[in-house]
DNA sequence: TATATTGCTACTTTATTAGTAGCACAAGGG
DNA sequence: CCCTTGTGCTACTAATAAAGTAGCAATATA
C-alpha cells in the first residue's frame with residue numbers, strides 16, 4: 005500500500021485534498037494505535053511491539069516508515085518518538101480519549117433502556 | 005472482524021478501555037471516510053457508494069452495520085445519517101480537516117528545504 | 001570471547017478489501 | 001397489470017493487507 009501523500013491521489017479520493025490523505029493514513033491498522041502509544045513517551049522498536057500487543061514486526065515497521073515519511077514520527081537515539089508535528093496531531097485526537105468514555109456509557113445506557 | 009464494543013476486548017488491546025475500541029473502529033478502512041461523508045448530510049446507500057469512490061457495496065454495508073451497532077449512524081427514511089452521538093464524534097475530528105492543510109504545507113516545505 | 005539485546009527482514013498463513021454480478025422489493029408510468 | 005427504474009443489499013471471486021513466526025546482522029554487555 006503506497007504512502008498517502010497529502011496533495012496527491014490516495015485510496016478513496018482523487019481530489020488530492022490533504023484531509024483525504026490523512027484519513028487514509030490514520031485509517032490503516034495500528035496507525036492511530038502507534039501514535040497513541042508514542043504519545044506516552046519515546047519507545048524502542050521492541051518497546052512498541054510490546055505496547056501494541058500482537059502487532060507483527062513487519063507491520064510495525066511498515067507503519068513506522070509511513071509515519072516517518074510523513075513527518076509524524078522520527079527515530080532518535082532514545083528510540084522512536086513523535087515529531088513536533090506528530091505531537092500536534094496527537095493534541096487534536098486527544099479528546100477522543102475522554103469522548104470514548106462518554107460514548108461507552110451511551111451505548112451501555114441504551115442496552116439498559118431496551119430492557 | 006467483530007465489532008469493537010467499548011468495554012470489551014478489541015483488536016490490539018485486552019484492557020477493555022473504550023479508547024481502544026474507538027481506535028479499532030476508526031482504524032478500519034473507510035470508517036472515518038464514511039463518517040466524514042455523512043457529516044455533509046444524509047445519504048442513501050447508493051449516494052454513499054458514489055461519494056466514497058471505489059468502496060465496494062459489501063464493505064460499505066459492513067461498515068454501516070458496525071457504525072449503526074455502535075450508535076454513530078442510523079438509517080431513516082432520508083437514508084443514512086449521523087446520530088447525535090455520531091455528530092459529536094465528528095465535531096471532535098473536524099479539526100483534522102484544517103490541520104491536514106497545515107500538515108501538507110509542512111511536508112511540502114521540508115521538501116523545499118532539502119534542496 | 002560468549003551472551004544478550006535490538007532493529008529489522010523474509011517468509012507463510014490467514015483475514016480483510018476490492019470488484020463485479022445480480023436479486024428482492026418498492027414506486028411510478030403506460 | 002406489466003414494464004421500467006431505482007434502491008438496499010447479498011453472494012461470490014480475486015487481489016491485497018495483516019498476522020504469525022523464524023531468524024539474521026549489528027551493537028552492547030558481561
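Chains as they are written, first to last, in our numbering: chain A, 5 to 119; chain B, 5 to 119.
Every residue, glycine too, gets a C-beta built ideally from N, C-alpha and C.
Ranked by Cα distance from residue 68 of chain B, the options B:54, B:100, B:21 and B:84 are led by B:84. The residue among B:104, B:75, B:64 and B:29 with its C-alpha nearest the C-alpha of residue 91 of chain B is B:75. Beyond the five residues adjoining it in sequence on each side, residue 78 of chain B comes within less than 6 Å, by CB distance, of 87 in the same chain, given in chain order.
Non-local C-beta neighbours of residue 65 of chain A in its own chain, meaning closer than 6 Å and more than five positions away in sequence, are absent. In the structure shown, residue 101 of chain A falls within a helical segment according to DSSP collapsed to helix, strand and coil. When the Cα atoms are used, residue 23 of chain B and residue 38 of chain A turn out to be separated by approximately 13 Å. Rounded to whole angstroms, residue 47 of chain A and residue 21 of chain B show a C-alpha spacing of 21 Å. Interface annotation, residue 110 of chain B: in contact with chain A, CB-CB separation under 8 Å.
The beta carbon of residue 47 of chain A sits no closer than 8 Å to any beta carbon of chain B.
When the five nearest sequence neighbours on each side are left out, the beta carbons in the same chain lying within less than 8 Å of the beta carbon of residue 35 of chain A are those of 29, 67, 70 and 71, in order along the chain. At a Cβ-Cβ threshold of 8 Å, residue 110 of chain B and residue 80 of chain A do not count as neighbours.
Within chain A, the residues whose beta carbon sits less than 7 Å from that of residue 33 of chain B are 31, listed in sequence order.
The C-beta of residue 70 of chain A comes no closer than 8 Å to any C-beta of chain B.
In this structure, the CA atom of residue 32 of chain A is about 30 Å from the CA atom of residue 113 of chain A. Residue 102 of chain A is classed as exposed because its beta carbon has fewer than 16 other beta carbons within 10 Å across all chains shown. Unbroken beta strand (DSSP E) runs of no fewer than 3 residues, entirely contained in the stretch 52-90 of chain A, are found at 77-80 and 83-86, following chain order. Contact of residue 92 of chain B with chain A by beta-carbon distance below 9 Å involves 103, 106 and 107. Contacts with chain A at 8 Å (Cβ-Cβ) do not include residue 7 of chain B.
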